[in-house]
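Read the structure below first, then the notes.
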Amino acid sequence: MSYIRPNIRHPQLPVNEIGFTRADYEGALSTLCAGCGHDSISASILQSCFELSIEPHKVAKMSGIGCSSKTPAYFLGNSHGFNSVHGRMPSVATGANLANRDLVYIGVSGDGDTASIGMGQFAHVVRRNLNMVYIVMNNGCYGLTKGQDSATADRGSASKKGVPNPYSSIDLCETAIQLGAGFVARSFSGDKEQLIPLIKAAISHRGFALIDVVSPCVTFNNTAKSTKSYDHVREHVNATGTFDFVPLKEEITTQYEPGKTEEITLHDGSAIRLHKATENLDFNSPRSAMNEIEKHKEKGEILTGLLYLNPQTPDTHELLGTTNKPLNSLTEDALIPGKKVLDTINESFQ
Amino acid sequence: MHKIKATNDFVIKFANINGTGSASANNMFAKSIFRSGLQVTPKNIFPSNIQGLPTWYEVRVNDKGYLGRRGGVDFMVATNGQTMKQDFEEVLPGGYFLYDNSKPLPPSYQRDDLNLIGIPLTDICNKEYSDPRQRQLFKNIVYVGALSYLLDIEFDIFQQLVQDQFKGKEKLITPNIHALELGYRYAKENHETTCELSIEAKDLNKGKILVDGNTGTALGAIYAGATVAGWYPITPSTSVVDAFEKYCKRLRVCPSSGQNNFAIIQAEDELSAMGMVLGASWNGARAFTATSGPGLSLMSEFLGLAYFAEIPGVLVDVQRTGPSTGMPTRTQQSDILPAAYASHGDTKHICLYPANPNECFKMSFDAFELTEQLQTPVIILSDLDLGMNDNLCDAFDWDDATHLNRGKVLSKDELDNMQERWGRYLDLDDDGIGYRTIPGTHPTKGSYFTRGSSHDEYAAYTESSEAYVRSMKRLEKKWETAKQLVPAPQYFKAQSKANIGAIFYGTSTDASLEAIDLTAEKEIAINGLKINAFPFSDDVKKFIDEHDFVFVIEQNRDGQLKTLLVNELNINPANLVSILNYDGMPITANFICQEIDATLDRAKITPLHKAERI
Numbered sequence: 000m001s002y003i004r005p006n007i008r009h010p011q012l013p014v015n016e017i018g019f020t021r022a023d024y025e026g027a028l029s030t031l032c033a034g035c036g037h038d039s040i041s042a043s044i045l046q047s048c049f050e051l052s053i054e055p056h057k058v059a060k061m062s063g064i065g066c067s068s069k070t071p072a073y074f075l076g077n078s079h080g081f082n083s084v085h086g087r088m089p090s091v092a093t094g095a096n097l098a099n100r101d102l103v104y105i106g107v108s109g110d111g112d113t114a115s116i117g118m119g120q121f122a123h124v125v126r127r128n129l130n131m132v133y134i135v136m137n138n139g140c141y142g143l144t145k146g147q148d149s150a151t152a153d154r155g156s157a158s159k160k161g162v163p164n165p166y167s168s169i170d171l172c173e174t175a176i177q178l179g180a181g182f183v184a185r186s187f188s189g190d191k192e193q194l195i196p197l198i199k200a201a202i203s204h205r206g207f208a209l210i211d212v213v214s215p216c217v218t219f220n221n222t223a224k225s226t227k228s229y230d231h232v233r234e235h236v237n238a239t240g241t242f243d244f245v246p247l248k249e250e251i252t253t254q255y256e257p258g259k260t261e262e263i264t265l266h267d268g269s270a271i272r273l274h275k276a277t278e279n280l281d282f283n284s285p286r287s288a289m290n291e292i293e294k295h296k297e298k299g300e301i302l303t304g305l306l307y308l309n310p311q312t313p314d315t316h317e318l319l320g321t322t323n324k325p326l327n328s329l330t331e332d333a334l335i336p337g338k339k340v341l342d343t344i345n346e347s348f349q
Numbered sequence: 000m001h002k003i004k005a006t007n008d009f010v011i012k013f014a015n016i017n018g019t020g021s022a023s024a025n026n027m028f029a030k031s032i033f034r035s036g037l038q039v040t041p042k043n044i045f046p047s048n049i050q051g052l053p054t055w056y057e058v059r060v061n062d063k064g065y066l067g068r069r070g071g072v073d074f075m076v077a078t079n080g081q082t083m084k085q086d087f088e089e090v091l092p093g094g095y096f097l098y099d100n101s102k103p104l105p106p107s108y109q110r111d112d113l114n115l116i117g118i119p120l121t122d123i124c125n126k127e128y129s130d131p132r133q134r135q136l137f138k139n140i141v142y143v144g145a146l147s148y149l150l151d152i153e154f155d156i157f158q159q160l161v162q163d164q165f166k167g168k169e170k171l172i173t174p175n176i177h178a179l180e181l182g183y184r185y186a187k188e189n190h191e192t193t194c195e196l197s198i199e200a201k202d203l204n205k206g207k208i209l210v211d212g213n214t215g216t217a218l219g220a221i222y223a224g225a226t227v228a229g230w231y232p233i234t235p236s237t238s239v240v241d242a243f244e245k246y247c248k249r250l251r252v253c254p255s256s257g258q259n260n261f262a263i264i265q266a267e268d269e270l271s272a273m274g275m276v277l278g279a280s281w282n283g284a285r286a287f288t289a290t291s292g293p294g295l296s297l298m299s300e301f302l303g304l305a306y307f308a309e310i311p312g313v314l315v316d317v318q319r320t321g322p323s324t325g326m327p328t329r330t331q332q333s334d335i336l337p338a339a340y341a342s343h344g345d346t347k348h349i350c351l352y353p354a355n356p357n358e359c360f361k362m363s364f365d366a367f368e369l370t371e372q373l374q375t376p377v378i379i380l381s382d383l384d385l386g387m388n389d390n391l392c393d394a395f396d397w398d399d400a401t402h403l404n405r406g407k408v409l410s411k412d413e414l415d416n417m418q419e420r421w422g423r424y425l426d427l428d429d430d431g432i433g434y435r436t437i438p439g440t441h442p443t444k445g446s447y448f449t450r451g452s453s454h455d456e457y458a459a460y461t462e463s464s465e466a467y468v469r470s471m472k473r474l475e476k477k478w479e480t481a482k483q484l485v486p487a488p489q490y491f492k493a494q495s496k497a498n499i500g501a502i503f504y505g506t507s508t509d510a511s512l513e514a515i516d517l518t519a520e521k522e523i524a525i526n527g528l529k530i531n532a533f534p535f536s537d538d539v540k541k542f543i544d545e546h547d548f549v550f551v552i553e554q555n556r557d558g559q560l561k562t563l564l565v566n567e568l569n570i571n572p573a574n575l576v577s578i579l580n581y582d583g584m585p586i587t588a589n590f591i592c593q594e595i596d597a598t599l600d601r602a603k604i605t606p607l608h609k610a611e612r613i
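In the order they appear, the protein sequences are chains F and Z. Count the first sequence with numbering that gives the first Met the number 0 and you get residues 0 to 349, in order. Count the second sequence with numbering that gives the first Met the number 0 and you get residues 0 to 613, in order.
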């Protein structure tokens, strides 16, 4: 690194409810290409945690391998991070969550890491409804290995090499809805107004929350023929609406036009207030969500925003009947049955 | 007619069809020998199938302390038409052949050195029972009843076994005892003096149990405080997790809330299973997975990550016959090398080699202690023979004064009181082991980024060659530390001075010890060394150096432990002579003796007394 971040902070930086400044949520300097969409997403994650007043050490950052999976080093430097192996972040996150259900798990992955090598693990972590936020930094290409198409590249889209992708693409949002995810959203790295409340809501949602964020690769896939370039996404994006994330304590005062506004209370008591742009979309219906996504695709549009939400799905721990206490906090008294019990067990083998 | 005569020293084999209820009857027979106070070695030889294929159950009986397979069959219980001819031919001359004589034996069954014992199992059951299922199930119980008479096993023992087995299902007790009596009576009336094999009860099993190794491994995990298991079904390891779950449900459910103090997830594959183990261990829970060879191959990627990023995790590999799918229901010790060096790059893993269920229990506990102390994965190498067969061993033992050693984990207070800058991979104690932190411990101190990419002492990404070499060297130092912590080898010194040594491990142990005894009877002394763990301690090299040559007895084709010894201890391969059994069946003492004899013949080593005469 040719320079280091200055260590001087303004004495009157704003602090959040628990006394942390935004700087307390920063990480190391990014080494990604200038203009990479991923850096905007990192900034949005950082901002969301700051605004939600989450203690940094109560977050665990999980990732696989790839440009996207490097980003956890660039935000939340006071949180533990785990950069695992390619496509295997979901299983590592599952184990971590089993050990301590009290932390916030933010998984960051890419389109290669999720939709190709990690497709199996992705499908199953959704099925098990692990309580985590799963952010895909989706640029439709492999960056670190110099721009090969990924499985989320649209058919016909061409990256820097100029060869249109002949294969059909995997839509991770539709896949997640089909597999039973409780929270599914799509966003664009260039739209922080939308992304930050989505991340905040995803953190507050109990269960699996997917945010598939289209995040252009400035080096390999920002071409005129790419459907994941900055220009293409800006021109073809169509949001399901705008929404506010309302933390638990805030009183709801604003009145909205009935019919177009919907309020959904999350498991932790916070709420999402949606101002729907697409009247046909019923956020509680997987079928409606799939329908709207496909309808927009037919028109060549990218539907972003919240796509599907069911706040009442039981998460992995509830499905397993695990104790409310983190398993990693249980003491020997609770875990080791002792000699007398073992003697009885021995008798059953005599 | 020659008859094999023996008291408390014979091999009986049952030939059955799987899915017909023979397993519980055969288990009852084995347990009757256990309760007669004798050594018993049952081996279940079963197909990779649910119903309709041949299955065998071999039981060795003796009172001299031998627990391995002997080789040869003295008494065959033949109930499977598909294999009857082969079973008929397998019995040793002078042996006994018990068959269902409801139909006569085909004319091709010609042996004049066999003692035939006909019991009309089908006729007896057809006469007694009308339900077809009962007719089938009780055939097995009838032959067990007949054996009680033929082999002089106290009938009371069977009565008690039936009562124990059907506790809670009392109405099944009387019909089962009745079926036993039918067999007993028929044998007494028709074969009063046929059989010269007999059981004479002794009291050799005080403090012993008869249990499968996978149960021992699972209980070891319970007593080590393991809370998380991620796994994928595969024979012969599935029953490790089954047993863990069974005992968790009994011992780990909070009585007040009804909530589970454990979490078990059946993963989508072995990759995921191992990922869950590492995620949980990284986050401060004790976690394990159980698998077999094919799963070990898939888990190798994660093992490399765990080695380099220094994450604990316990992997139980219940080995089966490879390569590839191999023979999934047969045994082998053939993952020794792939486990030791699993994954790409320079990796080495701590391996433990249990030989009986008691060691499964102890080493399972040890594995969790070692993995956290050394911050590296530990692999337990059991096998199908040990894992799935009932093995006679010392009862499991636990000292209530035991406390878990969780290794170098910094608490919040320790982080608060720390003056110097903390680095995850700093070697402060000169043992190659750094201090780790668990996520969520401290608001501002101790966070770091775990990664499988090259990192410096402060866990920061680096492409510096110097930093990389420093960390690889430190891992080597940690490996040296491990040598002091893993279970030491056990020395079995011969009665007289020996120039020959024998090294063995795991399920090759019992048959090897017996073969050494049998060879000693021929006045050839062999010192034995049972290897319990990898890395090898200095004692192993010393043992090899002290002998003219050393047999390495194992159950794989390529001499995997031998390769490991040569490679790790810089041994001249010429000093190690492999004795290898890899047909999928547990190694026998007879086979080892033959191999030893053949080697000694080639080397022209003569017994001491002959040498003196020359």
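The beta-carbon is built from N, C-alpha and C at its ideal position, and this holds for glycine as well. On a predicted model such as this, the values are computed, not experimentally measured, just so you know.
Just the Cα atoms here: how many angstroms apart are residue i and residue j?
i          : j          : result
Thr-330(F) : Ile-221(Z) : 13 Å
Leu-28(F)  : Ser-68(F)  : 15 Å
Ser-280(Z) : Leu-373(Z) : 13 Å
Ala-184(F) : Asp-211(F) : 6 Å
Leu-247(F) : Ser-115(F) : 38 Å
Gly-20(Z)  : Leu-136(Z) : 6 Å
Ile-172(Z) : Gln-162(Z) : 6 Å
Glu-419(Z) : Asp-428(Z) : 15 Å
Glu-346(F) : Lys-339(F) : 11 Å
Out of the options, point me to the one whose CA is closest to residue i's CA.
i          : options                                           : result
Gly-240(F) : Asp-190(F), Ser-228(F) and Met-136(F)             : Asp-190(F)
Thr-192(Z) : Tyr-108(Z), Leu-150(Z), Arg-249(Z) and Tyr-231(Z) : Leu-150(Z)
Pro-438(Z) : Gly-65(F), Leu-75(F), Ala-288(F) and Glu-50(F)    : Leu-75(F)
Gln-270(F) : Ser-188(F), Pro-196(F), Arg-127(F) and Gln-177(F) : Here the sequence assigns Ala to residue 270(F), which means Gln is not the residue at that position. Here the closest residue by C-alpha is Pro-196(F).
Gly-431(Z) : Thr-587(Z), Tyr-306(Z) and Leu-277(Z)             : Tyr-306(Z)
Phe-242(F) : Asn-323(F), Ser-52(F), Ser-78(F) and Ala-201(F)   : Ala-201(F)
Gly-292(Z) : Gly-325(Z), Leu-91(Z), Ile-208(Z) and Ser-21(Z)   : Gly-325(Z)
Gly-94(Z)  : Val-317(Z), Ala-262(Z), Pro-572(Z) and Val-10(Z)  : Val-10(Z)
Asn-555(Z) : Arg-329(Z), Tyr-128(Z), Thr-290(Z) and Gly-303(Z) : Arg-329(Z)
Per DSSP, residue i forms a beta bridge with which residues?
i          : result
Thr-40(Z)  : Arg-59(Z)
Leu-102(F) : Answer is none; Leu-102(F) lacks a bridge partner.
Pro-163(F) : Ala-157(F)
Gln-318(Z) : Asp-382(Z)
Gly-109(F) : Met-136(F)
Mapping the DSSP letters down to three states, classify residue i as helix, strand or coil.
i          : result
Trp-230(Z) : strand
Phe-261(Z) : coil
Gln-11(F)  : coil
Met-136(F) : strand
Gly-18(Z)  : coil
Gln-554(Z) : coil
Arg-272(F) : strand
Gln-489(Z) : strand
Tyr-2(F)   : Any reading at Tyr-2(F) needs caution, since the residue's pLDDT is 49, under 50, leaving its predicted position unreliable; the model's value is listed next. Residue state, collapsed to three classes: coil.
Asp-211(F) : strand
Lys-60(F)  : strand
Gly-312(Z) : strand
Does the beta carbon of residue i fall short of 7 Å from some heavy atom of the ligand FAD?
i          : result
Ser-269(F) : This structure lacks the ligand FAD, and indeed carries no ligand of any kind.
Mind pulling the chain C residues with CB within less than 8 Å of residue i?
i          : result
Thr-322(F) : No chain C appears in the structure shown, which is made up of the protein chains F and Z.
- prompt: Got a sec: which bits of the region 391–406 of chain Z sit with their beta carbon under 9 Å from any beta carbon on chain F, in order along the chain?
  reply: Ala-394, Phe-395, Asp-396, Trp-397, Asp-398, Asp-399, Thr-401, His-402 and Leu-403
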